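Quick notes on the structure that follows.
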Amino acid sequence: MSAALRKILIVDDSPVYRRFVVGTLQGLPGYMVVGQADDGVAALQAISSMRPDVVTLDVEMPGMNGLEVLKQIKQRSPHTEVIMLSSLTLQSASLTIQAIESGAFDFVLKPQGMDLDSNRKKLREHLSERFHAIAQNAKRHSIPRPAANARRPAWSPGLPPTSTPTRNASVGQRRSAAAPQIVVIGISTGGPQALRTVVSRLPSDFSVPIAIVQHMPPLFTRSLAEELDRISPLHVFEAASGDSLRAGQIAIAPGGFQMTLQRMAAGITLRVNDDPPERSCRPSVNVLFRSAAAQFGNRAMGLVMTGMGDDGTEGARAMREQGAQILAQDAASCVVYGMPCAVAEAGLVDEVVGLKDVASKLTAITRRPVLAGRS
Numbered sequence: 001m002s003a004a005l006r007k008i009l010i011v012d013d014s015p016v017y018r019r020f021v022v023g024t025l026q027g028l029p030g031y032m033v034v035g036q037a038d039d040g041v042a043a044l045q046a047i048s049s050m051r052p053d054v055v056t057l058d059v060e061m062p063g064m065n066g067l068e069v070l071k072q073i074k075q076r077s078p079h080t081e082v083i084m085l086s087s088l089t090l091q092s093a094s095l096t097i098q099a100i101e102s103g104a105f106d107f108v109l110k111p112q113g114m115d116l117d118s119n120r121k122k123l124r125e126h127l128s129e130r131f132h133a134i135a136q137n138a139k140r141h142s143i144p145r146p147a148a149n150a151r152r153p154a155w156s157p158g159l160p161p162t163s164t165p166t167r168n169a170s171v172g173q174r175r176s177a178a179a180p181q182i183v184v185i186g187i188s189t190g191g192p193q194a195l196r197t198v199v200s201r202l203p204s205d206f207s208v209p210i211a212i213v214q215h216m217p218p219l220f221t222r223s224l225a226e227e228l229d230r231i232s233p234l235h236v237f238e239a240a241s242g243d244s245l246r247a248g249q250i251a252i253a254p255g256g257f258q259m260t261l262q263r264m265a266a267g268i269t270l271r272v273n274d275d276p277p278e279r280s281c282r283p284s285v286n287v288l289f290r291s292a293a294a295q296f297g298n299r300a301m302g303l304v305m306t307g308m309g310d311d312g313t314e315g316a317r318a319m320r321e322q323g324a325q326i327l328a329q330d331a332a333s334c335v336v337y338g339m340p341c342a343v344a345e346a347g348l349v350d351e352v353v354g355l356k357d358v359a360s361k362l363t364a365i366t367r368r369p370v371l372a373g374r375s
């Protein structure tokens, strides 16, 4: 996108909601609403003539729904970013998950309730965050690569960070020797597409249970689990309190709740509760990671993947203090290089991995012999 005002197109079949979104974005620094469209056909025509940088796209519309429109946008104008506006319904959740897997940048829930000022504030805040992430991505991808003979920085995407404190060296040796008994993953923006890549490539005999926090609201995590279960050789499910988690299974934390692990004689039991959000996140990666640290020590492994913000950094710190290994997705394959960047800059990452290599890396680590660590 250019350095000038970034152009936004609003697509929604409701004239009332289009006006609401336009009013919400009025005066937003750096952005300008250049047009509106009330259906998919009008949206495609407007994109062709106006060339917007970002489209906000209603998920459920008569005629062409948002998913169908998105696929056409990505064919005709692949560099136009799309943010889905979704309602809190199971049908919207399912379509939204499919939209993100088909190339939408992210989604925002349409605010509920009768307080228009509060709704406008929430929508403006959520859209602003995503606009900022899109702009940061554009800057990141426009930075030219250094010449072949240029000096390499202390840390770069795709290489293990060299800034890990030296006091962690002995802990690192313990980490490398301990085969994990649980893999915990934290992920946010870009998650559905990234998780689809990972879980579809894991082998059917993957020997370690996996617990995932994906930042999503209720219903959406259920749709995500169902979608991933269809394409993975492992069983993927949305967690409920008291569920067991075994090898060959992947648990997704339910939206709107916190998820922790309890180590029992018979295996792992999942605990789901309505504790307050942490850093505005519920489910929270920090909560899951701290639980893994407390229950499994250096027999846990954490993976921080694409997403905005820094959720997971404090949890990764707790895991590292117990001798657990932490991996992070590389910048090049992230939709938003926020959460992995935060853990890397904190010196908590043992290895940086590209998205296409995550499944093979997890498989290799979980199959190594047990030499040390908690039993």
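Numbering-wise, the sequence shown is residues 1 to 375 according to full-length UniProt numbering. Where is the CB? At the ideal position from N, CA and C, for every residue including glycine. Note that the coordinates shown come from a computational prediction; the quantities given were computed from them, not determined experimentally.
6 Å CB neighbourhood of residue i in its chain, flanking five on each side removed
{"i": "Asp275", "result": "Gln258"}
{"i": "Arg120", "result": "Thr24"}
{"i": "Glu314", "result": "Asn286"}
{"i": "Ser77", "result": "Ile47"}
{"i": "Ala359", "result": "Val198, Arg201, Leu202"}
{"i": "Val304", "result": "Gly186, Gly312, Ala328, Met339, Pro340, Val343"}
{"i": "Val335", "result": "Thr189, Gly190, Thr306"}
{"i": "Val349", "result": "Pro161, Ile326, Ala328, Val343"}
{"i": "Val353", "result": "Leu327, Lys361"}
{"i": "Asn65", "result": "none"}
Inter-residue Cα distance where the pair is residue i and residue j
{"i": "Asp357", "j": "Pro283", "result": "26 Å"}
{"i": "Phe296", "j": "Leu67", "result": "41 Å"}
{"i": "Ile182", "j": "Tyr31", "result": "44 Å"}
{"i": "Asp205", "j": "Arg368", "result": "14 Å"}
{"i": "Leu261", "j": "Arg246", "result": "12 Å"}
{"i": "Lys139", "j": "His132", "result": "11 Å"}
{"i": "Gly302", "j": "Val34", "result": "43 Å"}
{"i": "Leu5", "j": "Leu127", "result": "16 Å"}
{"i": "Arg130", "j": "Ala266", "result": "43 Å"}
{"i": "Ala135", "j": "Arg317", "result": "29 Å"}
{"i": "Ile97", "j": "Val108", "result": "12 Å"}
{"i": "Asp38", "j": "Val21", "result": "13 Å"}
{"i": "Pro29", "j": "Pro209", "result": "45 Å"}
{"i": "Gly27", "j": "Arg124", "result": "11 Å"}
{"i": "residue 378", "j": "Ala294", "result": "Nothing about residue 378 can be reported from this structure: the residues present for the chain run from 1 to 375 only."}
{"i": "Ala93", "j": "Glu351", "result": "34 Å"}
{"i": "Gln322", "j": "Arg18", "result": "51 Å"}
{"i": "Leu90", "j": "Phe220", "result": "7 Å"}
{"i": "Gly103", "j": "Ser207", "result": "31 Å"}
{"i": "Val213", "j": "Leu95", "result": "20 Å"}
{"i": "His235", "j": "Leu228", "result": "9 Å"}
{"i": "Leu85", "j": "Leu57", "result": "6 Å"}
Other residues of its chain near residue i: CB distance less than 7 Å, five sequence neighbours each side excluded
{"i": "Gly256", "result": "Pro217, Pro218, Arg282"}
{"i": "Glu278", "result": "Ser284, Asn286, Val287"}
{"i": "Gln112", "result": "Leu88"}
{"i": "Arg263", "result": "Gln295, Phe296"}
Endpoints, the alpha helix (DSSP H) within which residue i is located
{"i": "Asn286", "result": "285-296"}
{"i": "Gly315", "result": "313-321"}
{"i": "Leu85", "result": "It is not in any alpha helix (DSSP H) - Leu85 instead sits in the beta strand (DSSP E) that spans 81-86."}
{"i": "Tyr17", "result": "15-25"}
Coil, strand or helix - residue i by DSSP
{"i": "Asp357", "result": "helix"}
{"i": "Arg6", "result": "strand"}
{"i": "Phe107", "result": "strand"}
{"i": "Ala154", "result": "Here Ala154 scores only 34 on pLDDT, less than 50, and its place in the model is too uncertain to base an answer on."}
{"i": "Val343", "result": "helix"}
{"i": "Met50", "result": "helix"}
{"i": "Gln72", "result": "helix"}
{"i": "Met308", "result": "coil"}
{"i": "Gly66", "result": "helix"}
{"i": "Ala93", "result": "helix"}
{"i": "Gly302", "result": "strand"}
{"i": "Ala324", "result": "coil"}
{"i": "Gln112", "result": "coil"}
{"i": "Val41", "result": "helix"}
Residue range of the unbroken beta strand (DSSP E) whose run includes residue i
{"i": "Thr56", "result": "54-58"}
{"i": "Val33", "result": "31-37"}
{"i": "Val184", "result": "182-187"}
Contacts around residue i, its chain only, beta-carbon distance under 8 Å, and the 5 residues preceding and following it disregarded
{"i": "Ala240", "result": "Pro254, Leu270, Val272"}
{"i": "Ala147", "result": "Any reading at Ala147 needs caution, since the residue's pLDDT is 43, under 50, leaving its predicted position unreliable; the model's value is listed next. Excluding positions up to five away in sequence, the list is empty."}
{"i": "Ser232", "result": "Val199, Ser200, Leu202, Ile250"}
{"i": "Met50", "result": "Lys7, Leu9, Val34, Gly35"}
Interface flag, residue i vs chain C, CB-CB below 8 Å
{"i": "Thr260", "result": "The structure shown contains no chain C, having only a single protein chain."}
**Study point:** Entirely enclosed alpha helix (DSSP H) segments - the segment 217-273, minimum 4 residues
**Key:** 220-231
Exercise for review: Could you tell me which uninterrupted beta strand (DSSP E) segments, each at least 3 residues in length, are contained entirely in the segment 194-218, listed from first to last along the chain?
Suggested key: 210-214
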